[in-house]
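A.B. asks:
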């Protein structure tokens, strides 16, 4: 019994020491601003970012985002063209715009920041559609298939070393025109903040 209590006390002491060290590290990492002034968080200090994003499940493209206070605008565009595919020449493109509203953001350490935001998006994509035909064991060309997207959800952004941004957006997206439907999507972006 005494041995078990000793182990519990030691575990509690170690946990308290680690929590104290983490708290001291996070407090000291903000840097010292002049008295009466608060150092701006990374989202206000570097409001623009440029990089790549997964726009739709099959398209990777260039992405730009700019924060104006607690509201951000985002534009992404990408596509591919493959002239020597098994089914012949194929292409796909996607263009997306989004508006975000920040709910929370903070610098947890000098090298690590994070934020939570709401996001609403709209976009357009088009592709040369194909379908596998089981009877002939070949692809059947379906022609140009446009789509319009609209959705909303929640986004999380982490920033490493005040410049390297990673974003995850969990959104419900409706697809209209070709093959309409509603589904869950995960948008991923990696950008450099400046």
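Residue numbers (our numbering): 77 to 270. Glycine residues also receive a C-beta, built at the ideal position from the N, C-alpha and C atoms.
If you run the structure through DSSP and keep just helix, strand and coil, what is residue 211?
C.D. replies: coil
A.B. asks: Count the other CB atoms within 10 Å of the CB of residue 157; is the residue buried (16 or more) or exposed (fewer)?
C.D. replies: exposed
A.B. asks: Any chance the stretch 138-148 sits against the stretch 170-186, with 3 or more Cβ pairs inside 8 Å?
C.D. replies: The count of Cβ pairs closer than 8 Å, one atom from the stretch 138-148 and one from the stretch 170-186, reaches three, so the stretches are in contact.
A.B. asks: Output needed for residue 258: all residues of its chain with C-beta closer than 8 Å, excluding positions within five of it in sequence on either side, in chain order.
C.D. replies: 248, 249, 250, 251
A.B. asks: Taking just the CA atoms, how far does residue 262 sit from residue 155?
C.D. replies: 18 Å
A.B. asks: How long is the line joining the alpha carbons of residue 253 and residue 244, rounded to whole angstroms?
C.D. replies: 27 Å
A.B. asks: With a 10 Å radius around its C-beta and 16 neighbouring C-beta atoms as the bar for buried, classify residue 197 as buried or exposed.
C.D. replies: buried
A.B. asks: Spatial neighbours of residue 237 within its chain, please: CB distance less than 7 Å, with the 5 preceding and 5 following residues excluded, ordered by chain position.
C.D. replies: A distance below 7 Å between beta-carbons, with the five flanking residues on each side excluded, links residue 237 to the following residues of its chain, in chain order: 187.
A.B. asks: Grouping DSSP H, G and I as helix and E and B as strand, with all else coil, what is residue 237?
C.D. replies: coil
A.B. asks: Enumerate in chain order the residues of its own chain whose CB-to-CB distance from residue 240 is below 7 Å, with the five nearest sequence positions on each side excluded.
C.D. replies: 268
A.B. asks: What three-state label does DSSP hand residue 183 in the structure shown?
C.D. replies: strand
A.B. asks: Ordered along the chain, which non-local residues of its own chain (more than five positions away) have a Cβ less than 7 Å from that of residue 205?
C.D. replies: 218, 219, 221, listed in sequence order.
A.B. asks: Output the distance between the C-alpha atoms of residue 137 and residue 130, rounded to the nearest integer angstrom.
C.D. replies: 6 Å
A.B. asks: Measure the C-alpha to C-alpha separation of residue 255 and residue 122 and round it to an integer number of angstroms.
C.D. replies: 40 Å
A.B. asks: When you compare only the Cα positions, how much space is there between residue 190 and residue 117?
C.D. replies: Cα-Cα distance, rounded: 10 Å.
A.B. asks: Identify the continuous alpha helix (DSSP H) that holds residue 119 and give its terminal residues.
C.D. replies: 118-121
A.B. asks: Leaving out the 5 sequence neighbours to the left and right, which residues in its chain are closer than 6 Å to residue 124 when beta-carbon positions are compared?
C.D. replies: 142, 270
A.B. asks: Just the C-alpha distance for residue 114 and residue 226, rounded to the nearest angstrom, thanks.
C.D. replies: 38 Å
A.B. asks: Using CA atoms only, rank isn't needed, just tell me which of 150, 242, 126 is closest to residue 232.
C.D. replies: 242
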